[in-house]
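Here's the structure, in structure tokens; my notes come after.
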Amino acid sequence: MSREMLKKLPFWVRSPFVVFTVLLLFKMYLTQMIIFDDASAWLPILNGLPAVWVVFLLIEWRMTKRKIMGYFIANLIMTAIYFAAIMYHQYFGVIVTYHALQQVNQVTEVKGSVFQLLHPYFLLVFLDVVILAYFLFRKKTRSWGTAYSERVRTGAAGLMLLLIVVCFFSIWNGRFTMNEIKQAEQMGILNYEVYTFFPDGNANNNLPTTISQAEISKLKGISTVANPTLWKAAEGKNVIILQLEAFQNLLLNQKLDGVEVTPNLNALLKESMYFPNFYQMVGQGNTSDAEVVVNTSVYIPPHGAASIEYADKDLPSLPKLFKQIGYESMTFHTNDITFWNREELYKALGFDRYYDKAFFGDADPIALAASDEVLYDKTAAEMEKLHNKNQLFYAQLISLSAHYPFQIPENKHHLKLPDRYENTFVGDYIQAQNYTDYSLGLFIDKLKASHLWENSLFVIYGDHMGLPIYSLSDTDDDLLHEMLGKNYSFSQMLNIPLLIVAPGTTKPAVFTQAGGQVDILPTVANLVGISLDNQLHFGQDIINTTTNLLPEHYYLPRGSLINNSEIFIPGKGFADGIKHPLNMPIAATAITSEEQFNNALKLFKMSDSYVNNLPKHK
Numbered sequence: 001m002s003r004e005m006l007k008k009l010p011f012w013v014r015s016p017f018v019v020f021t022v023l024l025l026f027k028m029y030l031t032q033m034i035i036f037d038d039a040s041a042w043l044p045i046l047n048g049l050p051a052v053w054v055v056f057l058l059i060e061w062r063m064t065k066r067k068i069m070g071y072f073i074a075n076l077i078m079t080a081i082y083f084a085a086i087m088y089h090q091y092f093g094v095i096v097t098y099h100a101l102q103q104v105n106q107v108t109e110v111k112g113s114v115f116q117l118l119h120p121y122f123l124l125v126f127l128d129v130v131i132l133a134y135f136l137f138r139k140k141t142r143s144w145g146t147a148y149s150e151r152v153r154t155g156a157a158g159l160m161l162l163l164i165v166v167c168f169f170s171i172w173n174g175r176f177t178m179n180e181i182k183q184a185e186q187m188g189i190l191n192y193e194v195y196t197f198f199p200d201g202n203a204n205n206n207l208p209t210t211i212s213q214a215e216i217s218k219l220k221g222i223s224t225v226a227n228p229t230l231w232k233a234a235e236g237k238n239v240i241i242l243q244l245e246a247f248q249n250l251l252l253n254q255k256l257d258g259v260e261v262t263p264n265l266n267a268l269l270k271e272s273m274y275f276p277n278f279y280q281m282v283g284q285g286n287t288s289d290a291e292v293v294v295n296t297s298v299y300i301p302p303h304g305a306a307s308i309e310y311a312d313k314d315l316p317s318l319p320k321l322f323k324q325i326g327y328e329s330m331t332f333h334t335n336d337i338t339f340w341n342r343e344e345l346y347k348a349l350g351f352d353r354y355y356d357k358a359f360f361g362d363a364d365p366i367a368l369a370a371s372d373e374v375l376y377d378k379t380a381a382e383m384e385k386l387h388n389k390n391q392l393f394y395a396q397l398i399s400l401s402a403h404y405p406f407q408i409p410e411n412k413h414h415l416k417l418p419d420r421y422e423n424t425f426v427g428d429y430i431q432a433q434n435y436t437d438y439s440l441g442l443f444i445d446k447l448k449a450s451h452l453w454e455n456s457l458f459v460i461y462g463d464h465m466g467l468p469i470y471s472l473s474d475t476d477d478d479l480l481h482e483m484l485g486k487n488y489s490f491s492q493m494l495n496i497p498l499l500i501v502a503p504g505t506t507k508p509a510v511f512t513q514a515g516g517q518v519d520i521l522p523t524v525a526n527l528v529g530i531s532l533d534n535q536l537h538f539g540q541d542i543i544n545t546t547t548n549l550l551p552e553h554y555y556l557p558r559g560s561l562i563n564n565s566e567i568f569i570p571g572k573g574f575a576d577g578i579k580h581p582l583n584m585p586i587a588a589t590a591i592t593s594e595e596q597f598n599n600a601l602k603l604f605k606m607s608d609s610y611v612n613n614l615p616k617h618k
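See the structure below:
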């Protein structure tokens with residue numbers, strides 16, 4: 001495009017500063033519409049444009065040549081940040097930061113999940129990038145903006161410094177906001193991303209001076225039980241912990257037009273200790289985070305996946321506790337051991353051995369790896385070998401077939417969905433979890449045939465939610481409302497089941513108190529008869545306690561918690577927080593107080609401090 005042609009265009013078209021400002025403003029409003037509820041229409045202008053203009057003025061000030069290339073690259077980077085913020089929020093419900101770069105090498109493994117979250121109109125943010133790339137490649141924009149270089153450059157540096165001050169005050173005013181989503185809304189997405197690069201100066205504020213079991217119990221409001229119920233009830237039994245991929249509690253005892261969704265689990269409920277008010281406590285690492293929390297009874301790290309952040313530590317764990325009483329420990333996962341850094345994680349947890357893709361092979365693939373049927377078939381055979389040698393074992397199995405986005409091959413469909421559920425996200429989820437239930441039924445049959453069933457303690461739980469409230473369509477919401485008889489909410493999203501059964505030993509019962517994945521270690525220790533006097537743990541034996549305090553993070557903003565009554569989500573702090581009732585069939589004994597809110601924050605910080613001060617494993 002020649003200078004003569006440019007002169008004939010309107011001023012705003014001749015100025016790349018103006019054109020790219022309009023483009024980025026559109027992307028800011030699209031991001032705000034998707035992520036922030038009821039945000040002010042002025043916010044993108046007040047806290048978003050100054051950050052964009054700082055970058056553009058830097059280009060005007062320093063780039064006399066290839067200026068359009070500078071604008072193009074800046075636009076591409078900022079577009080990528082807004083797009084990442086949208087996509088990440090669609091699943092996790094939080095604002096993406098640079099810490100999520102740990103997950104880049106996992107994208108090829110979960111590409112189906114990414115595409116499921118991708119609504120076509122999200123790609124509008126890249127439309128201008130494609131068009132501009134075409135013209136840049138054709139060298140049609142070489143002269144664009146150069147006529148104004150000297151005039152704009154004179155005041156660019158001074159104006160840029162002024163805007164940096166404006167950005168600084170946006171960050172400064174929002175730095176004490178607890179809820180990261182509110183914080184990003186106040187600061188603006190770009191300012192928030194810059195803010196996360198700096199150390200949190202308040203990270204160690206109000207950190208208790210002691211980290212002891214007594215201090216943990218005090219913060220949680222629980223006391224030691226002198227003669228706990230079911231102490232050593234499962235002594236001398238094998239322990240099998242089964243983690244079900246993306247399995248939510250809402251599916252149990254659920255029927256669609258009179259047909260059970262999970263018939264095998266429903267039958268198992270009749271002989272199990274069942275905890276219907278049990279909640280996920282995972283973060284960025286999802287499934288691998290659940291493995292860490294369950295096996296260690298510590299919380300997830302403030303940033304990143306526990307399988308990466310904590311993998312170099314000598315973690316006190318269930319495998320190590322069982323090793324002390326002569327058990328062998330093993331873990332079964334059909335994917336490659338390198339996925340989510342599990343090779344290092346399993347060293348940290350102290351498993352005697354692991355079984356991964358090298359053992360299970362590529363036959364009968366579903367989602368990320370070999371099917372649950374293959375998992376259970378080969379695992380049952382390995383367990384039988386140990387049983388025949390009279391060797392007690394602790395085993396953790398990671399079910400994987402019902403992985404997001406829940407695409408089960410048609411030849412694996414064992415449930416005829418009602419027509420209204422066909423070709424819907426909720427319908428796909430139900431079909432996948434019905435396959436999970438079918439495969440589990442086969443596993444139980446194998447264990448009964450080898451007499452492992454009556455000689456084992458079984459713990460079955462979901463690792464994390466499968467239906468993110470942030471990305472459901474109106475159709476999905478309607479189907480869930482029909483199934484539940486009420487609106488789908490945070491209390492259903494985070495609610496996973498916990499079933500514990502030792503055939504011939506435990507009796508069926510329903511425990512309605514709140515619990516979380518952090519509570520599995522102390523609960524299992526009580527049943528098997530392992531003392532935790534010398535092992536710090538942030539969970540509690542939920543058979544023998546009726547109150548609980550569960551700090552939540554990641555799928556909910558920092559400072560969120562669950563107690564026996566509700567889910568509490570902070571705003572800027574406690575005072576403007578939101579409470580979501582759990583609708584539990586027990587008296588509301590723990591309405592959230594500011595003291596509970598502060599205690600939950602202290603517990604979370606204590607856990608991270610405790611793990612970071614552990615020695616490294618050999």
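Going by the UniProt record's numbering, the sequence shown wraps up at 618, each residue one higher than the last.
Every residue, glycine too, gets a C-beta built ideally from N, C-alpha and C.
*Examine the Cβ distances between the segment 301–318 and the segment 374–381 and report whether three or more of them are shorter than 8 Å.*
Output reads no: the segment 374–381 does not touch the segment 301–318.
_For the structure I just gave you, are there three or more beta carbon pairs, one from the segment 556–576 and one from the segment 590–602, closer than 8 Å?_
yes
*Roughly how far, in whole angstroms, is the beta-carbon of Y299 from the beta-carbon of F604, given that I think they are within contact range, below 8 Å?*
6 Å
*asked:* Between the alpha carbons of F36 and E185, how many angstroms are there, rounded?
replied: 7 Å
*Distance, Cα to Cα, T21 vs H580?*
40 Å
_Can you tell me whether V501 is helix, strand or coil according to DSSP?_
strand
*Considering only C-alpha positions, which residue in the set Q213, N253, D476, V19 is nearest to V52?*
Ranking the options by Cα distance to V52, first place goes to V19.
*asked:* With the cut-off set at 7 Å, would you say G304 and H99 are in Cβ contact?
replied: yes
*If we ignore side chains and look at the alpha-carbon of each, how far apart do F322 and V166 end up?*
57 Å
_Anticipated Cβ contact below 8 Å, I496 with F247, distance rounded_ = 6 Å
_Pairwise C-alpha distance: L58 and K27_ = 21 Å
*Going by Cα to Cα distance, which pick from Q391, L219, P44, Y470 is closest to residue 655?*
Missing from the structure shown is residue 655; the chain here goes from 1 to 618 and no further.
_Residues near A234 in its chain [Cβ-Cβ closer than 7 Å; skip 5 each side]_ = L457, A502, T505, L527, V528
_Could you tell me the alpha carbon to alpha carbon distance between I460 and L251, rounded to whole angstroms?_
14 Å
*Locate the alpha helix (DSSP H) running through S439, then write down its first and last residues.*
425–449
*Nearest neighbour of G283, chosen from G361, G485, Q517, N544 [CA to CA]*: Q517
*Give me the Cα-Cα distance between G515 and A85, rounded to the nearest whole angstrom.*
Near 31 Å, if we compare the C-alpha coordinates of A85 and G515.
_Taking a contact to mean a Cβ-Cβ separation below 7 Å, would you say T287 touches S317 in this structure?_
Result no, Cβ atoms of T287 and S317 do not sit closer than 7 Å.
*What residues match up with Y274 in a beta bridge as DSSP calls it?*
L499, V510
*asked:* How far does the alpha helix (DSSP H) with N238 in it extend, from its first residue to its last?
replied: No alpha helix (DSSP H) contains N238, which is instead part of the beta strand (DSSP E) from 238–244.
*asked:* Which of the three DSSP states is assigned to T97 in this structure?
replied: coil
*Exposed or buried, which one is I591 when buried takes at least 16 other CB atoms within 10 Å?*
exposed
_Cβ pair M178, P570 closer than 7 Å_ = yes
*Presumed contact (8 Å Cβ cut-off) between A74 and I240, rounded CB distance*: No, A74 and I240 are not in contact; Cβ-Cβ is about 54 Å, not under 8 Å.
*Under three-state DSSP, which class holds H387?*
The answer is helix: DSSP assigns H387 an H, G or I state.
*asked:* One question on the structure: do V510 and K313 come within less than 7 Å of each other, judged by their Cβ atoms?
replied: no
*Pull up the distance between the alpha-carbon of D364 and that of N411, whole angstroms please.*
11 Å
*Is the CB-CB distance between D463 and A290 below 7 Å?*
Contact check for D463 against A290 passes: the beta carbons are separated by less than 7 Å.
*7 Å Cβ shell around T97 - same chain, five flanking residues per side excluded*: E193, T196
*Considering only residues of the same chain and omitting the five flanking positions on each side of Q431, which have a CB-CB separation below 8 Å?*
F406, I408, H413, L415, L417
_For the alpha helix (DSSP H) containing I181, name the first residue and the last one._
If you look at I181, you'll find it in the alpha helix (DSSP H) that goes 180–187.
_Proximity below 7 Å, CB of residue 663 to CB of L447_ = Because the chain here runs from 1 to 618, residue 663 falls outside it and cannot be looked at.
_Outcome for S565 when other beta-carbon atoms lying within 10 angstroms are tallied against a minimum of 16_ = buried
*asked:* Going by C-alpha to C-alpha distance, which of E373, G158, Q540 sits closest to V293?
replied: Q540
*asked:* Tell me which residue opens and which closes the beta strand (DSSP E) that A85 is part of.
replied: Careful: A85 lies outside any beta strand (DSSP E), inside the alpha helix (DSSP H) at 67–92.
_Complete alpha helix (DSSP H) runs within the segment 348–380 (minimum length 4 residues, chain order)_ = Segments of the alpha helix (DSSP H) lying fully in the segment 348–380: 357–360.
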